[in-house]
Amino acid sequence: MGDPMNESLRTRSFASSVYTLPARIITVLIVTAVMIAVSGLAAIALPATQFELDGNAVSNGHDDWQNVLAGTGGDFNHSFVTDETGDTTYFTGGGSKDIHDVSSWKYNALGAQDKDEITNAYSAAYINAGHLDLYFGADRFANSGDSTAGFWFFQNKISLDGSGGFSGIHSVGDLLIVSDFSNGGAISSIKAYKWNGSGLTAFSATGGDCSTHLADALCAIVNQTEVTAPWAYTPKSGTAGKFPAIGSFLEGGIDLNDSNVFGANVPCFASYLVETRASNSTDSTLSDFALGSVNTCGKVTGTKYNDLNINGSRNNGEPGLENWTISLVGTGGTVTTKTDANGNYEFDDVEPGTYTVCETMQNTWSQSQPSSGADCSAHGGGKGYSITIGLGDTVVRDFGNYQFAYRPAADQDGHQLVGRRRRRRDVQHRVEHPDLYEVGARVGRQLHGARHEPHDEGQLRHVRQHRHGDRIAQRRLAAGLGLDRGAVCQHRDRQDGRRWQR
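The working numbering numbers the first residue of the sequence shown as 1193 and each following residue consecutively.
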C-alpha cells in the first residue's frame, strides 16, 4: 500500500516531523499526546484505553499507530521517519556505544544484518492524570533471528554532521530504553536508563511483556501473528504490507513520572534515535539507527500583524508583518526569533516554567495588542505577555501594531509630506507649499479639540467639534520656517477617550 502517513504528518496542525534517511526502508514514528484525565480513568501506569499496546499497529477502538499517524489520535506531537535499506547510516567504530557521548558516535554505509535492519520505528507520549506516558516502537526488515532495540530520547537536538559523525551531545537525564526484539514471541527483558554525565544509570523500574505487565512502569510487546502494516512496508520474506509472525514489530511504553523512573522531574525531549544492538548489555555493539525529532516540551507561537483598524485583534485582510523580533524571556535567559513572511513566529522545545513574551518595537509603529500586560521596556518596548507553560503545552500569543507612515512626495516649487494613520479615524498631515501646514481629518467618529506644536506662531483656530471629512486645523508658517517632523497633531475621541497624536 502507499504511505498516507507521510502526507498526514505534513498537513497536521499538531507539531510533527517527517524525516527520510537515504535509501533504506526504515520508518520511525513519534507521537506525543495530551489526554486529560477524565472521571473514572483507571490510575494505572499505561492505561489500555489510552494507547493500545497489543502487538499490532491497527486501531481496535483506542489510539494506535494507525489512527495517530493519520491525524485522528489524541497526540500533540508525532513524527514518522523512513529509512531505506542500503543507505549510508549505520553505526561504526568502537566509540559508537551507548556508554559514550553522542559526539563519539560514528556512522558509515557498511550496512547491517537483515535482522538488525530497522524498517519502521515510532514513539508516542500522553499526559495522563499528570503523568507523561511515552510510547515507542519499531519494525524490522527480517525476523530471522533475535535482536535488541534501543530507544534514545535526547533533550538536545541531535543530527548527522554529513561527514560520518553526529552533531550534538548528551544532557544529563537523556533517556534510553532497551528491549528484546525476539522472534520467540515474548519480551524477556526491558530496561530504562538515564545519561548521568559520563555514562548510564539504570532506573529501578522493572517491567516485562505488555500482555501481562501493562500496569507496570514500563513494558514492551512483539507481534505474535502476521499483522497489517498501516504504512508502506516490504519484509525480506512475506507479504508486502504485512508484518510477518513472529517478532517483526515491537512496541512499548513507559510512565516517565513513575517514582522508579524520573518521578516529578521529567525532562522534555527534542530528538530521538532508534537503534539495533547486539545484546541488551549497556556496552553492546550498535548496528542500525534511525534519527528524528520529537517535542515533548512546550511551544510558544503566534502572529505579528498590521492592525489596520486598530481594534486590538486580527481581522480578515490584516496582513502579517515580517522580520519583527519576538523575545521569550525566562529565568535562564532570553531567546529571540524573527517573524516569517506571514508574520508567524514560534519557539519550540520550551521547558516548563514562567516566561514573558515581548516584541521589539519599530520606528513609526504603535502597539494595539496587547493593550496591557507585562512590561517589556527592557526587551524591545511596549507590552507583552506573562505565560506559564508545562510539558506538551502550546501557548498562542499575538501582537498587533499600526503605523503612521511618512512618505515624501515629488519636490517641485515646494514640498509635500504626508503622514497617514491607516484606520477609520484617519488623521492626515499635509504640506503642499513651504509656508502652509494644514491638518485634515477623515474620521468615522466625532473629534474634539486640536492643537498645533511646535512653531506655534500666532493663534491656532480651535474647532470644538468635527465630523467626517472636516478640516480641523490650518496653520500658515512664518517665512523661513520649515515643517518639523516632530510636529504634533493631537485629538481625543469622545466615545472611547483615546488620545491619538502624531
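Heads up, the beta-carbon is just placed ideally off N, CA and C, and yes, glycines get one too.
Residue i, buried or exposed, once every other Cβ within 10 Å from all chains shown has been counted against 16
i	result
E1148	For residue 1148 there is no data in the structure shown, the boundaries of the chain being 1193 and 1694.
L1478	buried
D1353	exposed
S1288	buried
S1355	exposed
P1511	exposed
G1525	exposed
A1409	buried
T1393	exposed
Q1651	Low per-residue confidence applies at Q1651: pLDDT is 35, beneath 50, and the placement is therefore not dependable, though the value from the model is reported in the following sentence. Exposed: under 16 other Cβ atoms inside 10 Å.
V1364	exposed
N1555	exposed
D1267	buried
S1578	exposed
A1475	Per the sequence shown, the amino acid found at residue 1475 is Asp instead of Ala. D1475 is exposed by the Cβ-count criterion.
T1531	buried
V1588	exposed
A1397	buried
G1265	buried
D1308	buried
G1574	buried
A1533	exposed
Beta carbon of residue i nearer than 7 Å to that of residue j
i	j	result
T1431	F1461	no
G1522	E1551	no
G1439	V1414	yes
A1341	L1442	yes
L1238	L1406	yes
N1335	P1436	yes
G1444	A1470	no
A1313	A1424	no
G1576	V1549	yes
D1447	D1255	no
T1280	A1301	yes
N1536	T1495	yes
I1350	S1463	yes
Residue i, DSSP secondary structure in three states
i	result
K1530	strand
V1492	strand
H1647	Low confidence applies here, because H1647 scores a pLDDT of 37, under 50, leaving its location unreliable and the question unanswered by this model.
V1453	coil
T1546	strand
K1307	helix
G1565	coil
T1477	coil
S1339	strand
S1396	coil
H1323	strand
T1426	coil
T1284	strand
H1621	Any answer about H1621 is weak, because its pLDDT of 38 lies below 50 and its placement is not dependable; what the coordinates show is given next. The answer is strand: DSSP assigns H1621 an E or B state.
T1468	strand
T1404	helix
R1506	coil
G1484	strand
L1352	strand
Beta-bridge partners of residue i, as assigned by DSSP
i	result
Q1258	Per DSSP, none; premise fails for Q1258.
V1294	V1294 is not bridged to any residue.
L1410	G1399 and I1446
I1438	In DSSP, I1438 forms no bridge with anything.
I1579	Y1547
A1384	I1369
CB-CB length for residue i against residue j, believed under 8 Å
i	j	result
T1468	S1339	5 Å
V1466	N1248	No, V1466 and N1248 are not in contact; Cβ-Cβ is about 19 Å, not under 8 Å.
I1319	G1584	6 Å
L1500	Y1594	7 Å
Y1299	Y1327	The pair is not a contact, with the Cβ atoms about 26 Å apart (cut-off 8 Å).
D1480	I1310	5 Å
Q1561	D1541	Incorrect: roughly 26 Å between the Cβ atoms, too far for contact.
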